[in-house]
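Quick note on the working numbering: the sequence shown kicks off at 17 and runs consecutively. Report on the structure given below.
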Amino acid sequence: MENNNHNIQGLIADIGGTNARFALIKNGEISNEVIFKCDSYATFDAAIEAYLKQESLEEAPKKFSLAIAGPVNGDEIAMTNHVWSFSIHALKEKFAIETLNVMNDFEAVAFAIPYMQDEFLEKIGGGDAVVNKNKIVIGPGTGLGAAMLVAKADGNGYEVVGGEGGHVTMPARTQREFDIFQYLEHHKYSHVSGERVCSGKGLLNLYDTIRIIDERMDLPALLPEEITKKAMEGSCAVCKECLDLMVVFLGRLAANMALMINAYGGVYIAGGIAPQLIDYIKQSDFRKEYWSKGRYKDYMRAIPTYVVTHPYIAFEGLKHDILYSF
């Protein structure tokens with residue numbers, strides 16, 4: 017294999033519960049994007065090796081920036097919705113990496129938001145984003161991610177604050193929601209978090225639970241993408257209820273985050289699901305649920321919400337990390 021590393025500034029990877037996305041940073045730009053199915057590789061190391069082989073790289077780049085769907089705290093990294101785990105130190109040793117940065121996947125998304133062009137932002141409602149004010153990002157994919165951008169006091173950029181916002185307790189506001197959550201808590205999980213009902217897996221949880229509590233086991237077992245398709249077609253009333261609920265839950269969680277940090281800079285919905293649902297979200301109760309905050313209704317109405325349509329938004333954040341943070 018030819019060693020053609022001379023134009024490469026680093027390797028970036030966005031690792032979710034379903035897909036592992038790899039790319040190179042060459043001459044300041046993202047290139048050589050490849051998507052692997054996580055289940056196709058026993059380990060994260062094996063996926064890296066497969067990517068290097070596919071790109072005819074006989075050695076790994078010296079800089080890596082990785083976004084992981086899971087908590088990042090210390091040397092040992094374990095993903096939330098996949099079996100992969102690895103040691104940062106061991107990974108550096110194995111691939112002779114000089115500088116390796118690992119962050120939560122929605123931290124990478126957050127890093128990209130200030131640089132996102134308008135063409136990749138679909139406004140769902142609200143007023144105008146206020147310059148140099150706090151922002152939040154949230155988004156359902158296989159799981160549910162979230163992060164915050166806290167405006168610096170001197171007005172010069174943002175501090176990105178990652179976290180595990182997808183695992184906050186999901187509040188119920190109607191009897192129907194309470195019945196669904198009660199079943200999930202008593203029969204499947206000890207804790208009903210946002211991710212359990214507002215994600216790809218969450219959509220499946222809603223569908224399977226409603227089949228049981230409504231005694232509709234005549235309905236077929238479906239995958240999340242099938243539930244979404246039938247809901248958008250209007251061919252399955254239960255599927256539509258599930259998608260409607262998920263969108264409402266997204267609005268509720270996003271509003272709670274926005275209130276906590278005065279997100280006058282806007283709420284940005286990213287992840288793998290939302291870009292497919294833009295028209296559906298616009299016609300749904302998403303904004304109604306979002307601004308349904310009693311005395312703070314007008315306050316919430318003013319804060320804009322956007323769907324981020326960039327197909328590789330985490331890559332943009334990782335590129336920034338490779339070019340400016342090392």
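The beta-carbon is built from N, C-alpha and C at its ideal position, and this holds for glycine as well. Here the structure is a predicted model, which means the values were calculated and not measured.
Own chain partners of residue 265 with C-beta closer than 6 Å, once the 5 adjacent residues on each side are dropped
Within the same chain, 213 and 214 come within 6 Å of residue 265 by CB-CB distance, once the 5 residues on both sides are set aside.
If you reduce the DSSP assignment to three classes, tell me which class residue 134 lands in.
In the structure shown, residue 134 falls within a helical segment according to DSSP collapsed to helix, strand and coil.
Would you decide whether residue 32 is buried or exposed? Buried here means 16 or more other CB atoms lie within 10 Å of its CB.
Taking all protein chains in view, the Cβ of residue 32 is crowded by 16 or more other Cβ atoms within 10 Å, so the residue is classified as buried.
Bridge partners of residue 37, per DSSP?
Residue 37 is bridged to 30 and 51.
Residue 116 bridges to which residues according to DSSP?
In the DSSP assignment, the residues bridged to residue 116 are 80.
Give the straight-line distance between the Cα atoms of residue 19 and residue 54, rounded to the nearest whole angstrom.
Because residue 19 carries a pLDDT of 47, less than 50, the predicted location of this residue cannot be relied on, and the following value inherits that uncertainty. Between residue 19 and residue 54, the alpha-carbon positions lie close to 27 Å from each other.
Any idea if residue 70 is buried or exposed, counting beta-carbon neighbours within 10 angstroms, 16 or more meaning buried?
Exposed, since its Cβ has fewer than 16 Cβ neighbours within 10 Å.
Mind checking residue 334: buried by the 16 CB within 10 Å criterion, or exposed?
Counting Cβ neighbours within 10 Å, residue 334 comes out buried, since at least 16 surround it.
Under a Cβ-count criterion, where at least 16 other Cβ atoms within 10 Å of its own Cβ denotes burial, should residue 77 be classed as buried or exposed?
For residue 77, the number of other beta carbons within 10 angstroms of its own is at least 16, and it is reported as buried.
Give the single residue among 171, 312, 135 and 180 whose Cα lies nearest to the Cα of residue 153.
Among 171, 312, 135 and 180, the Cα nearest to that of residue 153 is on 180.
Relative to the C-alpha of residue 72, which residue among 302, 24 and 107 is closest?
Closest option to residue 72, Cα to Cα, is 24.
Using only alpha-carbon positions, find the residue among 98, 113, 97 and 96 that is nearest to residue 104.
Selected option, being the one with the closest Cα: 113.
Out of 220, 229 and 183, state which residue places its alpha-carbon closest to the alpha-carbon of residue 191.
Selected option, being the one with the closest Cα: 229.
Cα separation between residue 184 and residue 312?
Near 21 Å, if we compare the C-alpha coordinates of residue 312 and residue 184.
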